[in-house]
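Asks:
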Amino acid sequence: MLSRQFVRENPDAIREALERRGIDDVGFEDLLAVDEEWRELKSRGDDLRHERNQVSNRIGELKREGNEADAEAAIERSQQLKETLQEIEARADELEADLEQRLLELPNVPREEIPTGQNERDNEEVRRHGFETARELPADVTPHYDLGEDLDVLDFERGAKVAGGGFYFLKGDGARLEHALVRFMRDLHREQGYTEVFPPIPVNTTAMTGTGQLPKFADDAFRVGARNDQPYDDDDLWLCPTAEVPVTNMYADDILLRDDLPIKHQAYTPNFRREAGEHGTETRGIARVHQFNKVELVNFVEPDDSDDRLESLVAEAEAVLRRLDLPYRVVLLCDGDLTFASAKTYDIEVWAPADDMAHGPDRGGRWLEVSSASNFEAFQARRIGLRYRPERHESAEYLHTLNASGLALPRVLIALLEYYQNEDGTVTIPETLRPYMDGQERIEGHDPVGESAVGAGKRE
RNA sequence: GCCAGGAUGGCCGAAUGGUAAGGCGCACGCCUGGAAAGCGUGUUCCCUUUGGGAUUCUGGGUUCGAAUCCCAGUCCUGGCGCCA
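Residues in the first sequence are numbered from 53 upward in steps of one, following my numbering.
1) Taking the straight line between their C-alpha atoms, what separation do you get for GLU201 and ILE436?
2) What number of angstroms, rounded off, separates the C-alpha of THR257 from the C-alpha of GLY264?
3) From the DSSP output, in three-state form, read off ASN427 for me.
4) So the beta strand (DSSP E) ALA460 belongs to, where does it begin and stop?
5) Please list, in chain order, all residues of the same chain as VAL86 whose beta carbon is under 6 Å from its beta carbon, the five residues on each side excluded.
6) Beta-carbon within less than 8 Å of ARG72's beta-carbon, same chain only, minus the 5 sequence neighbours each way: which residues are those?
7) Alpha carbon to alpha carbon, how far is ALA367 from VAL422? Give it in angstroms, no decimals.
8) For the beta strand (DSSP E) that VAL353 lies in, which residues bound it at each end?
9) Considering ALA404, what are the terminal residues of the beta strand (DSSP E) in which it resides?
10) Using only the alpha-carbon positions, how far apart do GLU81 and THR321 sit?
11) Look at the alpha carbon of ILE75 and the alpha carbon of ASN160, and state the distance between them as a whole number of angstroms.
12) Among TRP90, VAL353, LYS510 and ASP207, which residue has its Cα nearest to the Cα of ALA142?
13) Whole angstroms are fine: how far does the CA of GLU512 sit from the CA of VAL506?
14) Determine the DSSP secondary structure at THR294, reduced to helix, strand or coil.
15) In angstroms with no decimal places, state the Cα-to-Cα distance between VAL249 and THR484.
16) Does the structure place the region 415-430 close enough to the region 447-456 that three or more beta carbon pairs sit under 8 Å?
17) Can you name, in chain order, every residue of its own chain whose Cβ lies under 8 Å from the Cβ of HIS231, other than the five neighbours on each side?
18) Can you tell me the Cα-Cα spacing of ALA460 and ALA508, whole angstroms?
19) Return the CA-CA distance between ASN280 and VAL255, expressed in angstroms with no decimal places.
20) By how many angstroms is the C-alpha of LEU390 removed from the C-alpha of ASP225?
21) Are the Cβ atoms of ASP399 and LEU385 separated by less than 8 Å?
22) Which same chain residues, not among the five before or five after THR247, have their C-beta less than 7 Å away from its C-beta?
23) Could you check which residue in LYS94, THR194 and GLU172 has the C-alpha nearest to that of GLY417?
24) Between GLY218 and the rest of its own chain, which residues show a CB-CB distance below 6 Å, the 5 nearest in sequence each way excluded?
25) Compare the C-alpha of VAL497 against each of ARG486, THR478 and LEU378 and name the closest.
26) What are the partner residues of ILE315, as DSSP defines its beta bridges?
27) Under three-state DSSP, which class holds PHE221?
28) On the three-state DSSP scale, how would you describe PRO527?
29) Apply the 10 Å Cβ neighbour rule to GLU135 and answer buried if 16 or more other Cβ atoms are within range, or exposed otherwise.
30) For GLY337, count neighbouring Cβ atoms within 10 angstroms of its own Cβ and tell me buried if that reaches 16, exposed if not.
31) Alpha carbon to alpha carbon, what distance is there between ASP285 and SER55?
32) From this set, TYR303, ASP356, ASN175 and MET260, which residue's C-alpha is nearest ASP288's C-alpha?
33) For ASN280, which three-state DSSP category applies?
34) Considering VAL383, what are the terminal residues of the alpha helix (DSSP H) in which it resides?
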């Protein structure tokens, strides 16, 4: 959320920001009109209240003096004021609620320095890593969804059986690899100075609103105990769509000390997303699913430090891919591709060599976004009530929040299965992960279970 | 889930229907050779800032007037119950 003062004083900056993001449906001019009318009514209400306070005070004095007659007259005047006040304030409250709602739906202002563009094609590649020293790949790389089923480490049909499309089982070495990755990432981030938290998985409406998932993006979230199109209030629960939500909100309404900052938290959680409207894109495999694991990095910093912190945060997330020796690139998002709450975002995209994509890497395969590192500046902090006191005698001010995935598991798994696969259909486990898998060096697969495997000729 | 008690500024804490004491912390000033102590001022948010308004967990209600009375909710503490 932007501050009312900023909105009032810099309407042109906001018009430009909306233009850059390609947003024209938020009714910003109406917002300004509502604000103006609200302030007008607020001022009149304040004057009436001032008079009422004086009269009330007088009533107290008169009563103490025993002057009942004058007290009665004052009470009558007070009653009149009360009626007028109720009308004006009821209208002012409506306007303020409207104003608040409109402010909640206004996106953050993109940073000056980020590129201008329409969509992801206009993002700017910042750097690539790991391609010069890439390993020798099989002539035909098998996509992870086929290889995963061949090795019987991924099972989509049985996932759909128990939870529906978009859910899957990891089995045997697949499940072990998942846990190994989580433990490796957590260890790495602990070396980087992160304090680990394990948050609640259901989060309430207030928290979802604080980080910006609500009110605009309710369709993407899993509602607990009700359908998404039913009305909700502050206490209703949603399944964690990213650990950003519980972790960023954990200090809501707190005042932190300067000495507390920066705070660096990491959190492993499962994440749940409806991915509404995404059917038909990347439906095969585990690139886009309704439940996935992720290690999230969340930073709380002083405003002056957030620029530098964003650069370091990207490096901390990249370190995961470097240690796994997976080739990747970093892109700076253009204003048109920026998410709602962010002022500046870098994406980290790992190279998955099996399927070719349009506008993909020149050597084939596709880019998979495994992390999005964003500086939200005070946008989330203002919604959440997240402040710190710069000096002990100074008033509290909003701090800056940042976060990055470190990393999203399924897409890393895709890259591992495709990049580390061998001619014979086995998968080499990168050295970094072997300590987490009892020294195991390869995934050789398991025999499939059940009669269907016999019919398919995979078992006798 | 039931019963009882509770929630007041950065922190502690008083006020039980008449308009939020006091203390601590912190900052500045006075005082001092310097410091401590002492004294004074300041230390939430909003508005159109020589001023005004709001704010006693949240939302309703009663009243001319609510921290105070009533209703609903959230959280905390204690007791009972249930539970992996």
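A virtual CB, placed ideally from N, CA and C, is assigned to each residue, including glycine.
Replies: Looking at the atomic coordinates:
1) In the first sequence, the residue the question calls residue 201 occupies position 149. In the first sequence, the residue the question calls residue 436 occupies position 384. Spanning the two alpha carbons is a distance of roughly 44 Å.
2) Here residue 257 is taken as the residue at index 205 of the first sequence, counted from 1. Here residue 264 is taken as the residue at index 212 of the first sequence, counted from 1. Between THR257 and GLY264, the C-alpha separation is close to 10 Å.
3) Stepping through the first sequence from its first residue, residue 427 is reached at position 375. It is a strand residue.
4) To locate residue 460, count along the first sequence from 1; it is residue 408. ALA460 -> beta strand (DSSP E) spans 452-460.
5) Position 34 of the first sequence, counting from 1, holds the residue named residue 86. If we look at VAL86 and ignore the five residues flanking it on each side, its Cβ neighbours are LEU147, ASP150 and LEU151.
6) Counted from its first residue, the first sequence places residue 72 at position 20. Correct list, in chain order: PRO162, THR168, ASP387 and GLY388.
7) Numbered from 1 along the first sequence, position 370 holds the residue referred to as residue 422. Numbered from 1 along the first sequence, position 315 holds the residue referred to as residue 367. Those two C-alpha atoms are separated by around 13 Å.
8) The residue labelled residue 353 in the question sits at position 301 within the first sequence. 343-353 is the extent of the beta strand (DSSP E) around VAL353.
9) Counting from 1 along the first sequence, the entry for residue 404 is found at position 352. Segment 396-404, the beta strand (DSSP E) holding ALA404.
10) Here residue 81 corresponds to residue number 29 of the first sequence, with the count starting at 1. Here residue 321 corresponds to residue number 269 of the first sequence, with the count starting at 1. Using only the alpha carbons, I get a separation of about 40 Å.
11) Residue 75 sits at position 23 when you count from the first residue of the first sequence. Residue 160 sits at position 108 when you count from the first residue of the first sequence. Roughly 12 Å separates the two Cα atoms.
12) The residue given as residue 142 occupies position 90 in the first sequence. Of TRP90, VAL353, LYS510 and ASP207, the residue nearest in Cα terms is TRP90.
13) Residue 506 sits at position 454 when you count from the first residue of the first sequence. Residue 512 sits at position 460 when you count from the first residue of the first sequence. Taking the straight line joining both Cα atoms gives about 6 Å.
14) Within the first sequence, numbered from 1, the residue matching residue 294 stands at position 242. Three-state result, THR294: coil.
15) Stepping through the first sequence from its first residue, residue 249 is reached at position 197. Stepping through the first sequence from its first residue, residue 484 is reached at position 432. Distance between the alpha carbons of VAL249 and THR484 is about 24 Å.
16) yes
17) The residue labelled residue 231 in the question sits at position 179 within the first sequence. Result list for HIS231: TYR488, in chain order.
18) Here residue 460 is taken as the residue at index 408 of the first sequence, counted from 1. Here residue 508 is taken as the residue at index 456 of the first sequence, counted from 1. Their backbone Cα atoms lie some 33 Å apart in a straight line.
19) Reading the first sequence from its first residue, position 228 is the one you call residue 280. Reading the first sequence from its first residue, position 203 is the one you call residue 255. Taking the straight line from one Cα to the other gives about 15 Å.
20) For this step, residue 225 is matched to residue 173 along the first sequence. For this step, residue 390 is matched to residue 338 along the first sequence. Looking at the two C-alpha atoms, the distance is approximately 37 Å.
21) Position 347 of the first sequence holds residue 399. Position 333 of the first sequence holds residue 385. Going by C-beta atoms, ASP399 is nearer than 8 Å to LEU385.
22) Here residue 247 refers to the residue found at position 195 when the first sequence is read from its first residue. Closer than 7 Å at Cβ, skipping near neighbours: LYS316 and HIS317.
23) Taking the first residue of the first sequence as position 1, residue 417 is located at position 365. Measuring from the Cα of GLY417, the nearest candidate turns out to be THR194.
24) By one-based count along the first sequence, residue 218 stands at place 166. The answer, listed in chain order, is VAL341 and HIS342.
25) The sequence position of residue 497 within the first sequence is 445, counting from 1. One detail in the question is off: residue 497 reads as Gly in this sequence, not Val. Out of ARG486, THR478 and LEU378, THR478 has the C-alpha closest to the C-alpha of GLY497.
26) Position 263 of the first sequence, counting from 1, holds the residue named residue 315. According to DSSP, ILE315 bridges with PHE352.
27) Taking the first sequence and counting its residues from 1, one reaches residue 221 at position 169. Residue state, collapsed to three classes: strand.
28) What the structure shows of the chain is the stretch from 53 to 512, and residue 527 is not part of that stretch, so it cannot be assessed.
29) As a position in the first sequence, residue 135 is number 83, starting the count at 1. The residue is exposed, with fewer than 16 neighbouring Cβ atoms inside 10 Å.
30) The residue given as residue 337 occupies position 285 in the first sequence. Buried.
31) On the first sequence, residue 55 is found 3 positions in, with the first residue counted as 1. On the first sequence, residue 285 is found 233 positions in, with the first residue counted as 1. Cα to Cα, SER55 sits roughly 24 Å from ASP285.
32) On the first sequence, position 236 is the one that residue 288 refers to. Answer by Cα proximity: MET260.
33) Position 228 of the first sequence holds residue 280. Correct three-state label for ASN280: coil.
34) Working through the first sequence from its first residue, we reach residue 383 at position 331. No alpha helix (DSSP H) contains VAL383, which is instead part of the beta strand (DSSP E) from 380-384.
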